[in-house]
Every structure is written in C-alpha cells, then in structure tokens.
C-alpha cells in the first residue's frame, strides 16, 4: 500500500541487494565499535541510509520484518526491524523526514550499551534478558552525556515509570520507540508466530490508548504488511509471498532456494497453501527480485485496485440500471464476482432450480425490480473485502445467518432486497479496527469476537448511526429506516408497521445471537431453529487467520 504522506515516497524502486547488505554490515560495525562523541552523527547517517534503501521500495521494507539474514548478529536484526517499523509508522502518520530520521537514530542508539552482551546470550536466555527489554535504560546510564537531546528526552520518557502515566501525559514518540522495540523483539524471539499475530498480541496487552492507536495505524497498511516476505508451500512447490488480496496470493516462485523474478498469482483452492513465517535470508539476490517485482504488471494492477477502492454509491447503481441492456451487460461482464452473484441469484430464483449460465438470461429472469438490490449487494461485498479483516470469513458467515433469519421474517420484500438488508446491517462490523487486532482463534474459541460484535449490535450508538445512513443511502422503506431506531427494544407508541418491522429485525438478530454470537452447544439449537437456518451456520466456529 502506498499512501500519500509528508515523507518522500516517490523515488523509483531502485533498491539493489548490496545496499541492504552494506546497511546490515554497517550497523553491525556500528555496534562493535567503542561509542565516541560523534556517535549520534554516525547513527543519523545510518538512519539516512536506511531511509534511502526504503524509499520507493515498499516490498523490500515489508520483507525486512519477515526475513532475517543468517550472517547478521541479533542486535543488527533487532535494529533493522525496529527501524523499518518506525519508518512505516512515520510514513503512515505523515511525520516529517527529519522526525523519522531522529526516531530511527534513537532506535539505533538505544542498543549501543547492550548489543555486545545480547549477541553473546544463548537464544533461550534472550526472552527474559532485562537488557533486551529495557535497552534505553542501559544506554542512558552509560552514554547519556554523548547522546543528542532528542534521544535523551525520548528514552527518558519511555521508561517504565513514564509508561505508567495517564495517556494524555504520554509522549507519542517515546511510545512509538517502545512499541516498535517490543514488536521487533517478538518477531525475532518468536518468528513462527507471524507479524499479524504479533501485532494482535501486542494490541490486547496494551493498557494505553496511544500505543493501541499506533498499532491500528500499522495494521491499516493491510495484508501486504503481514504477508510480504513469508513463504508459501503447497505440496512440493514453494513461493515467496509479496501480497495477498482476498483469496489471491501474489508470489515469486522459489526453486532450489533460487528466487525467480516473474510474479505469479495463486488462488486459494481446496488444497489451501500453508504460510510459513520467519524465513532466514541466505541469498541477498532475493531482495533484488522483490524490488524488481514492484514494477510488474500484476503488482501495478494490485496498487491500482487499492487506490480505486469501492465507494458506497447507490446513485451510481441507479444510473447503471438506466443504461440500455447491451451497455449494462458490458459493464457487468467486467466484474467476475458481481456476475457470479447475479447468476447465483437467478439460479436460486429459477423454479426448476436449473443453473443459469448467461447474464442476459439471469437479468430477464430476476426482473428490473431486483436488479438495483443485486448491484448494491455487489458493491457492499466489494467494500467488505477491501476492509482486509482477518476475520472476514467469520463475518461472511454471520451475514449469511442473518440473511436466512431475515428471510424467515414476514418483511414482504423482494428476496434480493432482504439479502441487501443483511449486508447493510453487518457492513459496519467490517470497519471495526478492534476486530483487526483480535488475537488468533482456535476451534470454538471466539468469545472476544462475539462480544465485540454483540456490543456493536446491541449497545453502540455509532453502529446505529452507520446503519441509519446505509439504509437511507440505499433507499430502503421509510418505515424500515424508523424501525432501526427501535429494534433493540420495540416501541409501544409507534405505528403498527414500524413496531412490527422493529420486532422482525430484533427476532432476526436474536437468531444470530443463538447461532453465531452465543457459545451454545449445537445440539441445543436443532430444536430451536429451522433446518434451513441451521444449515447456514457452523458451530463451533473455526477462524482462518
């Protein structure tokens, strides 16, 4: 992802492997020397070099977080990973170049007092080493006089005592240094956990909203951040991951430890590939392949797709429906996922249950009345995918259950419109940043996810405002828009229609509570709900993170 920012990110991707290799060696040499009066100038020069390597080479930066050169000492790996995290955080928050340089310099300087000792520690002892958890404290104790003022200030305000202060007294740059140090350390000490799991674990262990906000900023970069640089294995074939969009992997083939330069795309199939985290880098030419990949057609198409994100625009749908049929078909045929949804809806609506294969036949069968609601569903579906929620499949399942539950209520609306309503009621859940940072799930252990969704549906005023806007924007009946205000506790004094609709909405959500949001055994549900509705659900719930 290449967001606009105050930093210079417009340089062409010209990163060569020897630039990163030389940078790693220079940082190693930096920690092996005796600190002198000009130590901060050396740190700033190294920071400048790292920013130069990173400029215009996003994938190389992301890959540094997953790949670890085998010949580099632990302190060097830690410094590079923390510096790359700071670079990304600064870029996402549009911090000036000078501030980014000073932050990276401080990260490099914070390790000068402990680097030698940490490198000599056995791997098993590093996890509990105080010098690794609080390197800034040791740096201040030994080298305070030769540190630049900004470095002293940030390290002092990043101490354990300072971290116990209220949020409004926290220094954001000290917090950034502490947070990125923690993430980098976890990536090295537990490399097989993966970056996303590390970010999630850090998020739920943080007590300060400032640190949580900065974690949310990092996660907002998207799947490219936590997938790029991992290996993907399917049977005997291996690939190096560059990016992942929905069920599409963008990869470089790996054959006999030699990385190929041509970018390939792989779709998840029944034989789902296995992602491997924490890869050792033994061949610097890999970085050259990663850098070159950014100019490939597939990657450029991915960048374009991210920049042209879906806008929830019902006026656009109305205009599309007004086109002559041939032009309408041409527009729809360009969207594979949308075409599949229309064909599936037509096949379902067909009395003989025959599969409909032609888009023209599907539109004639469904009729003009249902078409806007189907196109709106496509728009919502695309918007949901672009939120890059790790729990996307679980939310899809929740919507399916709600859709079926709504179908069983006497709403007296076309099927496609009822299906759209299930999207409008669940779409705000895809936008919740807290769901992106939930810890990984095992079979049946989804309590935090359930409670977050329940809190939104039954308590959050923000959720109510969002669904009100969506129902108004997608021109749903006025009575139904009013019913949204009362579905949590259906009113006594409203019109009969509003009261009935609010009761139907509540009943549908209660069914979802039983099936998806409550930890009830499946055996107790079969007597409470219809077989059709139960078929839509699976329990216990398994999440694929």
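Residue numbers (this note's numbering): 10 to 554.
Every residue, glycine too, gets a C-beta built ideally from N, C-alpha and C.
Let me check understanding here. Comparing Cα to Cα, which of the options lies closest to residue i?
i           : options               : result
residue 324 : 373, 520, 479 and 273 : 479
residue 204 : 327, 248 and 72       : 72
residue 116 : 304, 133, 51 and 145  : 145
residue 388 : 106, 429, 372 and 131 : 429
residue 386 : 276, 425 and 274      : 425
residue 473 : 496, 459 and 252      : 496
residue 198 : 262, 224, 131 and 432 : 131
residue 456 : 58, 403, 468 and 63   : 403
residue 567 : 52, 59 and 36         : Here the chain covers residues 10 to 554 and nothing more, so residue 567 does not appear.
residue 372 : 141, 392 and 339      : 339
residue 93  : 458, 47 and 55        : 55
residue 82  : 500, 307 and 125      : 125
residue 58  : 104, 113 and 349      : 113
residue 461 : 435, 382, 486 and 276 : 435
residue 266 : 247, 509 and 253      : 247
residue 511 : 47, 488, 422 and 305  : 488
residue 506 : 421, 348 and 235      : 421
residue 221 : 100, 393 and 187      : 187
residue 423 : 395, 382 and 437      : 382
residue 64  : 99, 77, 51 and 391    : 99
residue 301 : 287, 282 and 272      : 272
residue 395 : 477, 233 and 306      : 233
residue 243 : 282, 253 and 264      : 282
residue 307 : 44, 289 and 259       : 259
residue 47  : 118, 76 and 60        : 118
Using DSSP bridges, identify the partner residues of residue i.
i           : result
residue 380 : Beta-bridge pairing links residue 380 to no other residue.
residue 77  : 289
Buried or exposed: residue i, going by 16 or more other Cβ atoms within 10 Å of its Cβ?
i           : result
residue 318 : Low confidence applies here, because residue 318 scores a pLDDT of 47, under 50, leaving its location unreliable; read the following figure in that light. Flag for residue 318 reads exposed.
residue 7   : A question about residue 7 goes unanswered here, because the residues of the chain that appear run from 10 up to 554.
residue 90  : buried
residue 213 : exposed
residue 28  : buried
residue 465 : buried
residue 291 : exposed
residue 355 : buried
residue 208 : buried
residue 364 : exposed
residue 327 : exposed
residue 316 : Because residue 316 sits at a pLDDT of 45, beneath the cut-off of 50, its placement in the model cannot be relied upon, and the point is left open.
residue 201 : exposed
residue 397 : buried
residue 519 : exposed
residue 158 : exposed
residue 185 : buried
residue 279 : Unreliable positioning characterises residue 279 in this predicted model, as indicated by a pLDDT of 48, which lies under 50. A coordinate reading is not provided.
residue 481 : exposed
residue 451 : Here the model assigns residue 451 a pLDDT of 40, short of 50, so the residue's position is not dependable and the matter cannot be decided.
residue 533 : Caution is warranted here: a pLDDT of 46 is assigned to residue 533, below 50, making its placement in the model unreliable, and the coordinate value is therefore given only provisionally. Exposed.
residue 78  : buried
residue 523 : buried
residue 129 : exposed
residue 105 : exposed
residue 294 : exposed
residue 366 : exposed
residue 531 : Caution applies to residue 531, whose pLDDT of 46 falls short of 50 and renders its modelled position unreliable; the value that the coordinates give is listed next. The residue in question, residue 531, is exposed, as its Cβ has fewer than 16 Cβ neighbours within 10 Å.
For residue i and residue j, which I take to be in contact (beta-carbon distance under 8 Å), what is that distance rounded to the nearest angstrom?
i           : j           : result
residue 303 : residue 492 : Contact flag wrong, Cβ pair sits at about 50 Å.
residue 70  : residue 97  : 7 Å
residue 95  : residue 189 : 5 Å
residue 160 : residue 121 : Wrong, their Cβ atoms sit about 11 Å apart, outside the cutoff.
residue 179 : residue 241 : Incorrect: roughly 39 Å between the Cβ atoms, too far for contact.
residue 296 : residue 193 : Not confirmed; about 19 Å, so no contact.
residue 274 : residue 257 : 6 Å
residue 62  : residue 32  : 6 Å
residue 250 : residue 238 : 7 Å
residue 418 : residue 513 : 4 Å
residue 68  : residue 299 : 5 Å
residue 555 : residue 458 : No answer is possible for residue 555: the residues shown for the chain start at 10 and end at 554.
residue 427 : residue 443 : In fact, because the Cβ distance is near 29 Å, the residues do not count as touching under 8 Å.
residue 348 : residue 368 : 6 Å
residue 526 : residue 483 : Rounded, the Cβ-Cβ distance is 25 Å, inconsistent with contact.
residue 439 : residue 393 : 5 Å
Report yes or no: is there a C-beta of chain C within less than 8 Å of the C-beta of residue i?
i           : result
residue 302 : In the structure shown, chain C cannot be found, because there is only a single protein chain.
Jot down the residue ranges of each uninterrupted beta strand (DSSP E) in the segment 240-307, minimum 3 residues, whole runs only, in chain order.
240-243, 246-254, 257-264, 273-276, 283-285 and 288-290
If we require 4 or more residues per run, which alpha helix (DSSP H) segments fall completely within the segment 426-506?
442-445, 456-467, 470-482 and 487-492
Beta strand (DSSP E) runs contained entirely in the segment 38-96, provided each spans 3 or more residues
Runs found: 76-78.
Could you tell me which uninterrupted alpha helix (DSSP H) segments, each at least 4 residues in length, are contained entirely in the segment 176-240, listed from first to last along the chain?
If we require 4 residues or more, the alpha helix (DSSP H) runs fully inside the segment 176-240 come out as 181-198, 204-214, 218-228 and 232-236.
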